[in-house]
Amino acid sequence: MSRAIDVRHLGRERVICAHEVDGMVVDPGPASSVDALLEALGGEAPRALLLTHIHLDHAGAAGVLTRAFPSLTVYVHERGAAHLIDPSRLLESARRLYGDDMERLWGEVAPVPAERVQALAGGEVVEGMRVIYTPGHASHHVCYLHEETGEAFVGDVAGVRLPGSTYTVAPTPPPDIDVEAWLASVDEVAALSPTALCLTHFGRHEDVSEQLERLRTGLRERAELARTMGPDEFAAWSEAETRAAVGDEEIAEALLQAAPPETLGMGLRRYWEKREQ
Ligand SMILES: [Zn+2]
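Numbering (this note's numbering), first residue to last: 1 to 277.
If you want it as structure tokens, here you go:
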């Protein structure tokens, strides 16, 4: 069975979870929390990194880790590969969202040497993992099914849901949100009949079909609301809804850190604008 590693992003628990399985790490998190990851690994070099997608909260530490462990292989969807090797466009796009807060949030985003990157299309089996292409949250998103245990490492596809609550937020940052593609990806994950869903935000959950249904319902509801609300209005609604639904202040703060409300309406607005073109 896989091990969930809380990297304690910005010192807070239950925000970003790396998963260790068979000596590999799925989504190491950002460089700003890499010390907690290395401590949990006990100084052992991981055999490989499996990235679900290249968003900095999932993959930001990949470059720093390949520098520390020069033989590390990094698996990533082919649409994301170039941005690991040269992160300048990724950083530009992230800076539009996070502005001056980039360094504090994510730390160093070092390039990954091209020879360490293994690009994936989806459909292949690597390192005992079946790879499934799962766009919708991001165009460069894959999920990994561990064939031996049936655990699925789903990145952001099954939503943001923290231990202690079942409330689920569909994380919808710009620029790639595609609601129909996302719902189709959820169906692809469901068709694998995983024994557990391993979420980056946060942890391992065995109520697989219930969790996937929470994501479907939440994503549809949020997309519909964002059709008429501006991004600021949506952010205020989302934050209030999260606090009310979760009921626990610590969990709510962690959830708001994992899926910042100000980014959520922007991504859905962009989705609707593309649809109307
Ligand atoms: Zn993401």
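Built from N, CA and C at the ideal position, the CB exists for glycine as well.
Nothing here was measured: the structure is a model prediction, and the numbers come from that model.
Annotation note: the segment 60-141 contains the following uninterrupted beta strand (DSSP E) runs of length 3 or greater, listed N- to C-terminal: 73-77, 117-120, 129-133. In this chain, the beta strand (DSSP E) harbouring M24 covers 24-26. Distances from the alpha-carbon of R14 to those of A4, G42, D207 put A4 closest. A straight-line Cα-Cα distance of about 10 angstroms links H77 and T134.
Ligand 1 has no heavy atom closer than 6 angstroms to the beta-carbon of H19. For L183, the uninterrupted alpha helix (DSSP H) segment begins and ends at 179-191.
Residue E239 holds the alpha-carbon nearest to the alpha-carbon of T263 among K274, E239, E250, A245.
Contact check for S33 against H19 fails: the beta carbons are separated by 7 angstroms or more. Around the C-beta of E151, 16 or more other C-beta atoms lie within 10 Å, and the residue is accordingly described as buried. Per DSSP, R8 is not a residue of any alpha helix (DSSP H), being assigned neither H nor E. For G43, the number of other beta carbons within 10 angstroms of its own is below 16, and it is reported as exposed. At a Cβ-Cβ threshold of 7 angstroms, G267 and P173 count as neighbours.
In this structure, D187 sits away from S139, with a CB-CB distance that is not shorter than 7 angstroms. Every residue with a CB closer than 5 angstroms to a heavy atom of ligand 1 is listed here in chain order: H55, D156. The beta carbon of I251 sits closer than 6 angstroms to the beta carbons of L162, G164, S165 from its chain, once the five residues preceding and following it are set aside; these are given in chain order.
With a threshold of 16 other beta carbon atoms within 10 Å, P171 meets it and is buried. Inter-residue distance for C198 and F153 is about 5 angstroms (C-alpha atoms, whole angstroms).
Distance from the Cα of G159 is smallest, within the candidate group R204, R8, Q211, E115, for Q211. For G80, the closest C-alpha among the options E124, D57, H53 is that of H53.
Excluding sequence positions up to five before and after R12, its CB lies within less than 8 angstroms of the CB of E253, A254, Q257, all in the same chain and listed in chain order.
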